[in-house]
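Student:
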Amino acid sequence: MNKNLKYLPLLLFATLALGVLIGGMLNLGRSDFSGKTAAQKNKLDRLLDFIDH
Numbered sequence: 903m904n905k906n907l908k909y910l911p912l913l914l915f916a917t918l919a920l921g922v923l924i925g926g927m928l929n930l931g932r933s934d935f936s937g938k939t940a941a942q943k944n945k946l947d948r949l950l951d952f953i954d955h
């Protein structure tokens, strides 16, 4: 098996696990973003701050 393809499943799993971890920490919920309440705006701001830093 090619050396690069050998680690592909591990890389995909690690990326998925990281996405689930970040999503769980933010806990944005299932509501749509058209009617933003103060709590939703704060959560979105935290996400943007996390991405910036």
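Numbering (our numbering), first residue to last: 903 to 955. Using N, Cα and C, we set each Cβ at its ideal position, and we do this for glycine too.
(1) CA-CA distance, A940 and L907?
(2) Give the straight-line distance between the Cα atoms of D954 and K945, rounded to the nearest whole angstrom.
(3) Quick check on T939: does DSSP put it in helix, strand or coil?
(4) Taking only the alpha-carbon atoms, compute the straight-line gap between N904 and L912 and give it to the nearest angstrom.
(5) For the alpha helix (DSSP H) containing N906, list its first residue and its last residue.
Tutor: From the atom records:
(1) Locating residue 940 in the sequence shown gives position 38, where the first residue counts as 1. Locating residue 907 in the sequence shown gives position 5, where the first residue counts as 1. Straight across, the Cα-Cα distance linking A940 with L907 is about 46 Å.
(2) Reading the sequence shown from its first residue, position 52 is the one you call residue 954. Reading the sequence shown from its first residue, position 43 is the one you call residue 945. Near 14 Å, if we compare the C-alpha coordinates of K945 and D954.
(3) Mapped onto the sequence shown, residue 939 falls at position 37. Coil at T939, not helix or strand.
(4) Working through the sequence shown from its first residue, we reach residue 904 at position 2. Working through the sequence shown from its first residue, we reach residue 912 at position 10. L912 has its alpha-carbon roughly 14 Å from the corresponding atom of N904.
(5) Position 4 of the sequence shown, counting from 1, holds the residue named residue 906. Looking at the DSSP string, the run of the alpha helix (DSSP H) that includes N906 is 905-908.
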